[in-house]
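A short write-up of the structure that comes next.
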Amino acid sequence: MSPLGQNLHATMPHNAHHRNRVPGGSSTGSAVGIALGLAAIALGGDGGGSIRIPASLNGVFGIKPTFGRVSRAGDGFLGSVAHAGPLGASVTDLAVALDLTASTHDPLDELTAWAPPPPKGGFGSRIGAGVRGLRIGVAETEWEDASPDVARAGKQALAELERAGAVLVPASMPLAKVAAPIGYFSIGCESLAAVRDKIEADRTRLADDLRISYAVIAGISASEFLDAQRLRSALRQETAKLLRNVDVVALPTTATTAPVLEDVDRFSTFSDPTALDAMCRFAFLGNLTGLPGGTAPVGADADGLPIGLQLVGRFRGDAELLHVSALFEASQQLLARWPD
Numbered sequence: 021m022s023p024l025g026q027n028l029h030a031t032m033p034h035n036a037h038h039r040n041r042v043p044g045g046s047s048t049g050s051a052v053g054i055a056l057g058l059a060a061i062a063l064g065g066d067g068g069g070s071i072r073i074p075a076s077l078n079g080v081f082g083i084k085p086t087f088g089r090v091s092r093a094g095d096g097f098l099g100s101v102a103h104a105g106p107l108g109a110s111v112t113d114l115a116v117a118l119d120l121t122a123s124t125h126d127p128l129d130e131l132t133a134w135a136p137p138p139p140k141g142g143f144g145s146r147i148g149a150g151v152r153g154l155r156i157g158v159a160e161t162e163w164e165d166a167s168p169d170v171a172r173a174g175k176q177a178l179a180e181l182e183r184a185g186a187v188l189v190p191a192s193m194p195l196a197k198v199a200a201p202i203g204y205f206s207i208g209c210e211s212l213a214a215v216r217d218k219i220e221a222d223r224t225r226l227a228d229d230l231r232i233s234y235a236v237i238a239g240i241s242a243s244e245f246l247d248a249q250r251l252r253s254a255l256r257q258e259t260a261k262l263l264r265n266v267d268v269v270a271l272p273t274t275a276t277t278a279p280v281l282e283d284v285d286r287f288s289t290f291s292d293p294t295a296l297d298a299m300c301r302f303a304f305l306g307n308l309t310g311l312p313g314g315t316a317p318v319g320a321d322a323d324g325l326p327i328g329l330q331l332v333g334r335f336r337g338d339a340e341l342l343h344v345s346a347l348f349e350a351s352q353q354l355l356a357r358w359p360d
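Heads up, the sequence shown is in this note's numbering, so the first residue is 21 and it goes up one at a time.
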């Protein structure tokens, strides 16, 4: 349950690019393993950025597919915000993973019955196509909340797409600013409901930071939860209206690069609300709406820490996200370096 990638009860890896930076989570091992060359494809779960955050912090690719696109059978969490999806060393790897996991209905997860067939030629069928005329929504009020390094790299990557023929369209997304608080309410309550029996049976399995989180969540009233869901509905309507005018929306993946994690904190209970908010600031939009969201590495800060750019697409527009992300991959000067 940590977007920082911390678990007191397991030996966790550090960031693939810096031993004193967090690796991101909660699909921590998947992202670090790919960044270190241990695998080309790995699976992850994303209820509030847990595929895109570690992918971004470690300089690899990741996609949270459209809600219901990939089966969640065996997940145990489920809920209305959790998605399953791949992380990969390239956009083609993500397409191959989706071809393997999202092409047929899984009777163990009825949500997959609503997913349309994969695109003709597979999810990578548009990789290599141009972007001339593609309309990309850019909300300056969102980018203002990113660090200077993240904003610089993201804007540079978008300028590359504009030079390739894409059209950058000013966008208004006032409710996106509160997507993270709505997301905390949603995933928090759903998570508590999913693990309540386990908590009651053995609280010692939870680290202190998670115990504190669940204690706070348990105090949320039904009316407060419903207020959050009303805001969530309004956010979905706002985003759907925007995507009638643009093909994709461009956002930072995280507000900062990987936060500091000193050795003394790696093996103890660790909580940093400021770092948590920086990781989740832009992630929950995709989870609350069910829309596909992908991240691609587009540069690095002065310390060599990777920076990711996030694209949010139309419902079931997973192949289109991969098509646009491939343009970042083709522009090698934008990519974060691989670990030494």
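Beta carbons: idealized from backbone N, C-alpha and C, even for Gly. Values in this document were obtained by computation on a predicted structure and should not be read as measured data.
*beta strand (DSSP E) runs contained entirely in the stretch 243-274, provided each spans 3 or more residues*: Runs of the beta strand (DSSP E) spanning 3 or more residues and lying entirely within the stretch 243-274 occur at 268-272, in chain order.
*Through-space distance from V318 to L107, alpha-carbon basis*: Taking the straight line from one Cα to the other gives about 16 Å.
*asked:* So if DSSP puts K367 in a beta bridge, which residue, or which two residues, is it bridged to?
replied: Given that the chain is displayed from residue 21 to residue 360, the structure contains no residue 367 and the question cannot be resolved.
_Euclidean distance between Cα positions of T276 and A166_ = Those two C-alpha atoms are separated by around 6 Å.
*With C-beta atoms as the reference, is V268 less than 9 Å away from R336?*
In this structure, R336 does not lie closer than 9 Å to V268 by Cβ.
_Three or more C-beta pairs below 8 Å linking the stretch 232-249 and the stretch 313-333_ = Touching, no, given that fewer than three Cβ pairs across the two stretches are closer than 8 Å.
*A149 vs H343 beta-carbon contact at 9 Å*: Less than 9 Å separates the beta-carbon of A149 from that of H343.
*How long is the line joining the alpha carbons of D228 and S50, rounded to whole angstroms?*
So the alpha carbons of these two residues sit roughly 25 Å apart.
*When we look at the beta-carbon of G96 and count the other beta-carbons within 10 Å, is it buried (16 or more) or exposed?*
By the C-beta density criterion, G96 is exposed, having fewer than 16 other C-beta atoms within 10 angstroms.
*Reducing DSSP to helix, strand and coil, say where I147 ends up.*
Reduced to three states, the DSSP call for I147 is coil.
*asked:* Here's the rule: buried if 16 or more other CB atoms are within 10 angstroms of the residue's CB, otherwise exposed. What is P23?
replied: Counting Cβ neighbours within 10 Å, P23 comes out buried, since at least 16 surround it.
_Alpha carbon of V158 to alpha carbon of G79, nearest angstrom_ = Distance between the alpha carbons of V158 and G79: 22 Å.
*Have a look at the DSSP bridge pairing and note the partners of Q26.*
Bridge partners of Q26: none, in fact.
*Jot down the residue ranges of each uninterrupted beta strand (DSSP E) in the stretch 310-337, minimum 3 residues, whole runs only, in chain order.*
Runs found: 313-320 and 326-333.
*Answer yes or no: do A104 and V90 have a C-beta to C-beta separation smaller than 9 Å?*
Cβ distance < 9 Å, so A104 and V90 count as in contact.
*asked:* If you follow the alpha helix (DSSP H) that G208 is in, where does it begin and where does it stop?
replied: Under the DSSP assignment, G208 falls in the alpha helix (DSSP H) whose first and last residues are A199 to A221.
*Burial state of S253 (16 or more Cβ within 10 Å)*: The residue is exposed, with fewer than 16 neighbouring Cβ atoms inside 10 Å.
*Alpha carbon to alpha carbon, how far is G153 from R39? Give it in angstroms, no decimals.*
Using only the alpha carbons, I get a separation of about 42 Å.
*Return helix, strand or coil for I61, following the three-state DSSP convention.*
Secondary structure at I61: strand, using DSSP grouped into helix, strand and coil.
*asked:* Once DSSP output is grouped into helix, strand and coil, what is the label at R41?
replied: Looking at R41 - three-state DSSP - the assignment turns out to be strand.
*If you run the structure through DSSP and keep just helix, strand and coil, what is D66?*
D66 sits in a strand when the DSSP states are folded into three classes.
*Do you know how far the Cα of D126 is from the Cα of D222?*
Taking the straight line joining both Cα atoms gives about 33 Å.
*Is the closest heavy atom of the ligand GTP to the C-beta of T86 under 8 Å?*
You won't find the ligand GTP in this model; it holds no ligand whatsoever.
_Comparing C-alpha positions only, which one of H29, G57, L77 and M32 sits nearest to A298?_
Closest by C-alpha distance to A298, out of H29, G57, L77 and M32, is L77.
_C-alpha distance - S47 paired with P74, whole-angstrom precision_ = Spanning the two alpha carbons is a distance of roughly 7 Å.
_Burial state of A238 (16 or more Cβ within 10 Å)_ = So A238 counts as exposed.
_Limits of the unbroken alpha helix (DSSP H) element including R155_ = R155 -> not in any alpha helix (DSSP H); beta strand (DSSP E) instead, spanning R155 to V158.
*CA nearest to the CA of P190, picked from P359, L271 and A184*: The residue with the shortest Cα to Cα distance from P190 is L271.
*Could you have a look at L128 and say whether DSSP puts it in helix, strand or coil?*
Correct three-state label for L128: coil.
_Let me make sure I understand the geometry here. Which of D360, A346, E180 and R301 has the alpha-carbon closest to that of V111?_
Closest in C-alpha terms to V111, from the list D360, A346, E180 and R301, comes A346.
*Select from A248, G69 and R216 the residue whose C-alpha is nearest the C-alpha of G328.*
Minimum Cα distance to G328 is reached at G69.
*Mind checking whether V42 and G25 have CB atoms under 9 Å apart?*
Going by C-beta atoms, V42 is nearer than 9 Å to G25.
*Who are the near neighbours of A186 in its chain, counting only those whose CB is closer than 7 Å to its CB and skipping five residues on each side?*
Counting only Cβ-Cβ distances below 7 Å, and skipping sequence neighbours, we find V151, L154 and I156.
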